[in-house]
Structures are given as C-alpha cells and as structure tokens.
Amino acid sequence: MLPVISIGTLKTSGTTTLALTLAGVAAAADIPVVLIDAARDRDIVAWSQKGDRPSKITVESADDETTMERLVRAARRRGDLAIIDAGTSPEAIRSAAKLADRSLIPVRFSPLSAYAAIATDRMLAADLGKGRRGRDWAFTASAVTTIPSRIARVIETVVQQSGTPRLEIGLVLRAAYEAPFLHGGTIFNLADEIAPGLDRARAEAATLAYEIGILGRANTQDEILPTRIAA
Ligand SMILES: Nc1ncnc2c1ncn2[C@@H]1O[C@H](COP(=O)(O)OP(=O)(O)O)[C@@H](O)[C@H]1O
Ligand SMILES: [Mg+2]
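The sequence shown begins at 82 in the working numbering and counts up by one.
Written as structure tokens, this is what we have:
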C-alpha cells in the first residue's frame with residue numbers, strides 16, 4: 082500500500098519544495114500520485130499551471146478537512162500515493178496529519194524554522210491517538226548547506242532533543258529544487274542544461290523517498306529505479 086504523506090510546519094521551511102520533489106520521484110518511478118495543495122498560497126496549483134506536469138501527477142486543492150478527507154479516500158481507493166502540502170496553517174497541518182500515514186516536518190537549520198518545527202511537533206503530539214492508527218511523523222532537514230554554520234549545529238542539537246526522529250537524509254540547498262517552480266515540470270523531466278546539479282538532486286530525492294517509504298516493498302519498480310535515476 083502506498084502511504085499518504087502530509088507535509089507542513091508552522092513557518093515557511095521548504096514544505097512545497099519537499100512535496101513537489103517527492104511527487105516527482107514517484108512519477109519518475111511510474112507511481113500515480115495525487116498532490117493535494119492545502120496551503121494558503123497554492124504554490125502547487127501555480128506550479129501545475131506552468132505546464133510539463135508529469136501525467137502521473139494529479140494536482141488537487143483542498144480548503145478544508147472534508148475536501149482533504151475526500152481526496153485522500155479516493156487516492157487510497159485507487160491505490161495512489163497521496164502527498165498533502167499542508168503549508169503553515171495549524172488547522173491544515175493537524176487535519177492533514179490525522180489523515181496521513183506519515184507526516185514530515187521540514188526544518189531548515191535556522192532558529193526560527195527550528196522553533197516552528199518544534200511547535201509543530203508538539204501540536205502533532207497533542208493529537209496523538211487521533212487519526213490513523215500507527216501514523217507517525219519525523220523532522221526532515223530542508224535546504225541544508227553542506228558545510229553547516231555554527232548556528233546550524235546548535236539548532237541541530239535543539240531539534241534532536243525532541244523524542245521525534247529526524248530522517249537521516251533531507252534535501253540539501255540546491256538551485257535544482259527551485260527550477261521546477263520556474264520552468265514547470267519536476268527535477269526528473271527537466272533538461273540537464275536548465276539547472277545545474279539535477280543529477281545529484283534526483284539521487285538525493287530518490288534516497289529520501291526510499292527512507293520515507295514512498296518507494297518500498299509495495300512497488301515492483303524497486304530494483305530498477307536506482308539504475309533509472311542514476312542513468
Ligand atoms: N532544498 C532547497 N534548495 C534550494 N531552495 C529551496 C530548498 N527548499 C526550499 N527552497 C526555497 O526556499 C523558498 C521556500 O520554499 P517553499 O518550498 O516554498 O517553502 P514553504 O512551502 O514552506 O513556504 C523557496 O524559494 C524555495 O524555492
Ligand atoms: Mg508552500
């Protein structure tokens with residue numbers, strides 16, 4: 082079974098970039114994905130209007146919990162992957178998390194992003210016991226620099242003090258992740274000359290998708306995907 086993933090944190094920290102990047106991995110592996118835009122600014126909807134959206138990605142928008150629930154149910158029925166961009170609003174983040182199997186809290190290693198991530202974590206913890214049985218959530222590093230600043234290192238330890246796990250891998254700060262918002266499409270169908278570092282971004286995104294469980298046992302493409310992505 083493909084999971085329902087919700088992504089959101091109380092302060093802008095790369096939620097939409099993460100949502101679109103993961104949807105791009107799924108589409109590249111031929112997995113149908115419903116990308117649900119429940120964020121106030123509707124950046125996913127704006128992205129889809131730019132064109133070059135892979136046919137495996139369907140974009141929907143949701144203003145309220147009822148709509149979100151209907152879209153998630155339909156995705157589960159079809160066996161599609163669903164990714165909800167819950168944005169920064171507490172209501173949307175909580176509703177999406179309750180519908181999801183797994184929630185991701187993107188965190189940049191900056192103080193304000195980390196405080197927001199911790200507040201989001203507490204908010205989700207307050208809803209423990211509600212929503213889907215066995216659902217979980219994790220911090221996901223977002224737009225990290227390869228050489229961390231001293232502040233980033235302090236922030237990292239702050240985030241680690243929460244009992245909530247942080248995924249081993251996150252998304253490094255790369256212009257390649259921004260290219261789809263400029264040109265449409267995903268990092269997997271953009272031409273190499275359009276953005277430098279697309280190959281590294283693809284490999285990183287695929288590794289993250291494995292870790293999250295988007296590319297897993299349920300997916301028969303398991304064996305061939307790494308080769309395809311590396312190609
Ligand atoms: N890994 C990344 N590498 C480069 N730029 C990023 C990365 N993640 C986010 N950004 C940029 O940071 C800004 C905010 O990201 P966005 O995904 O829109 O965050 P949110 O949805 O939380 O508001 C955007 O300009 C986006 O392109
Ligand atoms: Mg956003």
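Backbone N, C-alpha and C fix where the C-beta goes; we use that ideal spot for every residue, glycine too.
Residue i to residue j span [Cα, whole Å]
| i | j | result |
| --- | --- | --- |
| Gly89 | Glu274 | 31 Å |
| Gly251 | Arg154 | 28 Å |
| Thr221 | Leu185 | 6 Å |
| Arg231 | Arg157 | 43 Å |
| Glu249 | Arg151 | 32 Å |
| Asp187 | Gly132 | According to the sequence as given, residue 187 is Pro; it is not Asp. Their backbone Cα atoms lie some 26 Å apart in a straight line. |
| Gly266 | Arg134 | 5 Å |
| Ala272 | Ala290 | 22 Å |
| Gln242 | Ala107 | 32 Å |
| Ile293 | Trp218 | 10 Å |
| Pro246 | Asn270 | 32 Å |
| Asp118 | Ile165 | 6 Å |
| Ile199 | Ala282 | 27 Å |
| Ala257 | Thr226 | 14 Å |
| Leu263 | Asp208 | 37 Å |
| Asp182 | Ala233 | 29 Å |
Identity of the residues DSSP links to residue i by a beta bridge
| i | result |
| --- | --- |
| Glu141 | Ile117 |
| Val188 | Ala222 |
| Ser87 | Ile165, Ser184 |
Best match in the options for proximity to residue i [C-alpha to C-alpha]
| i | options | result |
| --- | --- | --- |
| Ser87 | Val115, Ile199, Glu285, Arg203 | Val115 |
| Ile138 | Ala100, Thr238, Ile199 | Ala100 |
| Val85 | Glu237, Leu103, Asp144 | Leu103 |
| Val240 | Gly278, Pro113, Arg189, Ala110 | Arg189 |
| Gly212 | Glu285, Arg175, Arg121, Ser142 | Arg175 |
| Pro277 | Ala286, Glu172, Ala260 | Ala260 |
| Ser223 | Gly95, Met82, Asp202, Ala181 | Gly95 |
| Leu279 | Arg255, Gly297, Leu296 | Arg255 |
Buried or exposed by the 16-neighbour rule on C-beta atoms within 10 Å, applied to residue i
| i | result |
| --- | --- |
| Ala177 | buried |
| Thr97 | buried |
| Leu162 | buried |
| Glu172 | exposed |
| Asp144 | exposed |
| Val235 | exposed |
task = Mind listing, in chain order, the continuous alpha helix (DSSP H) runs of no fewer than 4 residues lying wholly within the region 191 to 262?
result = 192 to 207, 231 to 241
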